[in-house]
Amino acid sequence: MPRNGFVLFLAVLTSLPLIQPALGATHPETPQFSDLQALIDSAEPYSTIWVAPGTYAGPIRVWKPLSLKAMGEVVIDGRGLGDVVVIASDDVRFEGFKVVNSFPDVAFEPAGIKVVNSRNVTIAGVRTERVIHSVYVVNSSRVTVMGSSLSSFPERSVNDRGHGVYLWYSRDVEVVGNAIEFVKDGVYSDHSYGVLVRGNAISRSRYGVHLMYSGKHVIERNEVRRNLVGMALMYSCGLEVRDNSVTENRGLAVSEGIFVRESCDVLIEVNRIVGNGVGLNVVNSPYPREGSVVVRGNVIAFNNVGVRFEVWASATFERNDLVENAHQVSILAVSTSALWRGNFWSDRGLQIGERHLVVSSIEDLLDRWPELWAFAYGPGYVALKMARALTELRPSVKAIDESPAKTPNVLNAVPTPRSTLWLLASIALTFSPLAAIVAVRRR
Numbered sequence: 101m102p103r104n105g106f107v108l109f110l111a112v113l114t115s116l117p118l119i120q121p122a123l124g125a126t127h128p129e130t131p132q133f134s135d136l137q138a139l140i141d142s143a144e145p146y147s148t149i150w151v152a153p154g155t156y157a158g159p160i161r162v163w164k165p166l167s168l169k170a171m172g173e174v175v176i177d178g179r180g181l182g183d184v185v186v187i188a189s190d191d192v193r194f195e196g197f198k199v200v201n202s203f204p205d206v207a208f209e210p211a212g213i214k215v216v217n218s219r220n221v222t223i224a225g226v227r228t229e230r231v232i233h234s235v236y237v238v239n240s241s242r243v244t245v246m247g248s249s250l251s252s253f254p255e256r257s258v259n260d261r262g263h264g265v266y267l268w269y270s271r272d273v274e275v276v277g278n279a280i281e282f283v284k285d286g287v288y289s290d291h292s293y294g295v296l297v298r299g300n301a302i303s304r305s306r307y308g309v310h311l312m313y314s315g316k317h318v319i320e321r322n323e324v325r326r327n328l329v330g331m332a333l334m335y336s337c338g339l340e341v342r343d344n345s346v347t348e349n350r351g352l353a354v355s356e357g358i359f360v361r362e363s364c365d366v367l368i369e370v371n372r373i374v375g376n377g378v379g380l381n382v383v384n385s386p387y388p389r390e391g392s393v394v395v396r397g398n399v400i401a402f403n404n405v406g407v408r409f410e411v412w413a414s415a416t417f418e419r420n421d422l423v424e425n426a427h428q429v430s431i432l433a434v435s436t437s438a439l440w441r442g443n444f445w446s447d448r449g450l451q452i453g454e455r456h457l458v459v460s461s462i463e464d465l466l467d468r469w470p471e472l473w474a475f476a477y478g479p480g481y482v483a484l485k486m487a488r489a490l491t492e493l494r495p496s497v498k499a500i501d502e503s504p505a506k507t508p509n510v511l512n513a514v515p516t517p518r519s520t521l522w523l524l525a526s527i528a529l530t531f532s533p534l535a536a537i538v539a540v541r542r543r
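All residue numbers for the sequence shown refer to our numbering, where the first residue is 101 and numbers rise by one.
Next up, the structure:
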């Protein structure tokens, strides 16, 4: 072989590992590169980069259309220097990576994965640890976050963590099938539209799902449990909340399963709202008043308070099962116009007539002075409730169901726990937050 030809042959041979991604290779035999950013920079647009197992130094920036896929355990370590991964291009797929160690100060809003001004981005099967915001989507559209395990800083208080998925001025986003825990809010959507939140498990955070000034959200088939608040739907319209399990969400300053504030055209349907401080809290809604709040076909059970209205509220409640809530309905509003029809009330008992009246003179005191809830399950409260039948107190009517259901609408059988066990459980649920007092400031 001539000498010039031999040199050319060696040059081509040694460059093959570098040009393999440029040819759009999908065979998982790309050798490990210690500099992941160099690999990204050298790749041709729309190629697939297979990243070999190992730990790679961040931060990195994906600035062209690429598919990056991890082969086994691939860690991108941001070393506390800022955002760990920034995606600033359309048509990117980022799959299978473990992303750790963003800049640790929440005030600077760093992220494990930040998507900026991009379209058609998929983040799949990733795992985040010790980052502020796990996935932060900024001014982007058609973004999917799926099948990932997202957490922030478990040892910190909730206000010193970041969100699991943070949407800011974005639209057409899907958050599907993720496990999110130890964050501030599981999914936080601010000024975002056309969002699907489906099939996620969200726990041990402040709010499971938190909407602010957003619209057109479908929130369905999620398991939201053991947060301070399950869902906070605030200043948003066009919301469908369907077939979720919202359980055991309890705090001290806040303690609700689903909280609706100044929102409109809200449908809350076939959810299981069980074991929360307040099952459903409706405040200043619908807003604007020509909007609607419809609560249909839900199981609202074993909460301290089943349904609460504050300030003013209007809603339609139909075919729900209100089962063994310590306090079925609480009115803290100056004006309510709730319509109740076809609901099952576990405490209806031997009430005569077709209508069901929700009344309780003792609970009127709890509505007026909520701090008395700390004593609501003691012997004094029980004695007062028993004495109520012997007095001529005229309790206010909290709700009138013109056509109550005689049997549950949703439940096959109504749970009937022993009264003593239910009392003990209520005491435990009421005072358990005192063991871990968390100061929460609602935005």
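Just so it is clear, CB atoms sit at the ideal spot from N, CA and C, and this is done for glycine as well.
Task: Cβ-Cβ distance between residue 457 and residue 500 below 7 Å - done: yes
Task: Exposure label - residue 183; buried when at least 16 CB within 10 Å - done: buried
TODO: Could you work out which residue in 193, 277 and 169 is closest to residue 323 when comparing CA atoms only?
DONE: 277
Task: residue 258 beta carbon less than 7 Å from that of residue 306 - done: yes
Open item on the list: Give me, in chain order, the residues of the same chain whose beta-carbon lies closer than 7 Å to that of residue 303; leave out the 5 immediate sequence neighbours on both sides.
Closed with: 281, 325, 326 and 327
TODO: Would you please state the rounded distance, in angstroms, between the beta carbons of residue 384 and residue 412? I believe it to be under 8 Å.
DONE: 6 Å
Open item on the list: What does the Cβ neighbour count give for residue 172, buried or exposed, with the cut at 16 atoms within 10 Å?
Closed with: exposed
- [ ] Please confirm whether residue 423 and residue 393 have their CB atoms less than 7 Å apart.
- [x] no
Open item on the list: Taking the alpha-carbon of residue 370 as reference, which of 208, 197 and 319 has the nearest alpha-carbon?
Closed with: 319
Task: Beta-carbon proximity check, residue 219 vs residue 256, cutoff 7 Å - done: no
Open item on the list: DSSP three-state label for residue 392, please.
Closed with: coil
Open item on the list: Here's a check: name, in chain order, each residue in its chain whose Cβ is nearer than 8 Å to the Cβ of residue 239, leaving out the five neighbours to either side.
Closed with: 216, 217, 268, 269 and 270
Task: Alpha-carbon spacing of residue 339 relative to residue 360, whole angstroms - done: 11 Å
Task: Where residue 511 sits in the DSSP three-state scheme - done: coil
Open item on the list: What does the alpha-carbon distance come out to for the pair residue 261 and residue 358?
Closed with: 22 Å
Open item on the list: Just to confirm, is the Cβ distance from residue 417 to residue 443 under 7 Å?
Closed with: yes
TODO: Measure the alpha-carbon distance for residue 108 versus residue 142 and round it to whole angstroms.
DONE: For residue 108, the predicted model reports a pLDDT of 39, less than 50, meaning its position is unreliable and no value from the coordinates is stated.
Open item on the list: Using only the alpha-carbon positions, how far apart do residue 161 and residue 337 sit?
Closed with: 35 Å
TODO: Identify the continuous alpha helix (DSSP H) that holds residue 141 and give its terminal residues.
DONE: 136–142
- [ ] With a 10 Å radius around its C-beta and 16 neighbouring C-beta atoms as the bar for buried, classify residue 420 as buried or exposed.
- [x] buried
Task: Beta carbon of residue 232 nearer than 7 Å to that of residue 202 - done: yes
TODO: Grab me the residues of residue 149's own chain with a C-beta within less than 8 Å of its C-beta, minus the 5 sequence neighbours each way, in chain order.
DONE: 121, 130, 139, 140, 143, 166, 167, 168 and 169
Task: Buried versus exposed call for residue 285 [16 or more other C-beta atoms within 10 Å across all chains shown] - done: buried
Task: Residue closest to residue 398, alpha-carbon to alpha-carbon, out of 342, 146 and 440 - done: 342
Task: DSSP-derived helix/strand/coil call for residue 403 - done: coil
- [ ] Tell me whether residue 353 is buried or exposed, calling it buried when 16 or more other Cβ atoms sit within 10 Å of its Cβ.
- [x] exposed
Open item on the list: On the criterion of 16 or more Cβ atoms from any shown chain inside 10 Å, does residue 208 qualify as buried, or is it exposed?
Closed with: exposed
Open item on the list: Is it buried or exposed, residue 228, if we count other Cβ atoms within 10 angstroms and call 16 or more buried?
Closed with: buried
Open item on the list: Less than 7 Å between the C-beta atoms of residue 253 and residue 223, yes or no?
Closed with: no
Task: Classification of residue 565 by the beta-carbon crowding that lies within 10 angstroms, buried from 16 upward - done: Because the chain is modelled from 101 through 543, residue 565 falls outside the range shown and cannot be assessed.
- [ ] Please state whether DSSP places residue 206 in a helix, a strand or coil.
- [x] helix
TODO: Please go through the region 235–317 and give each complete beta strand (DSSP E) segment of 3 or more residues, from N-terminal end onward.
DONE: 241–246, 265–268, 271–276, 279–281, 285–290, 293–298, 301–303 and 307–312
Open item on the list: Among the candidates 508, 454, 362 and 299, whose CA atom is the shortest distance from the CA of residue 409?
Closed with: 362
Task: Local conformation of residue 179 per DSSP, three classes - done: coil
- [ ] Give the DSSP bridge partners of residue 335, in chain order.
- [x] None, per the DSSP bridge assignment.
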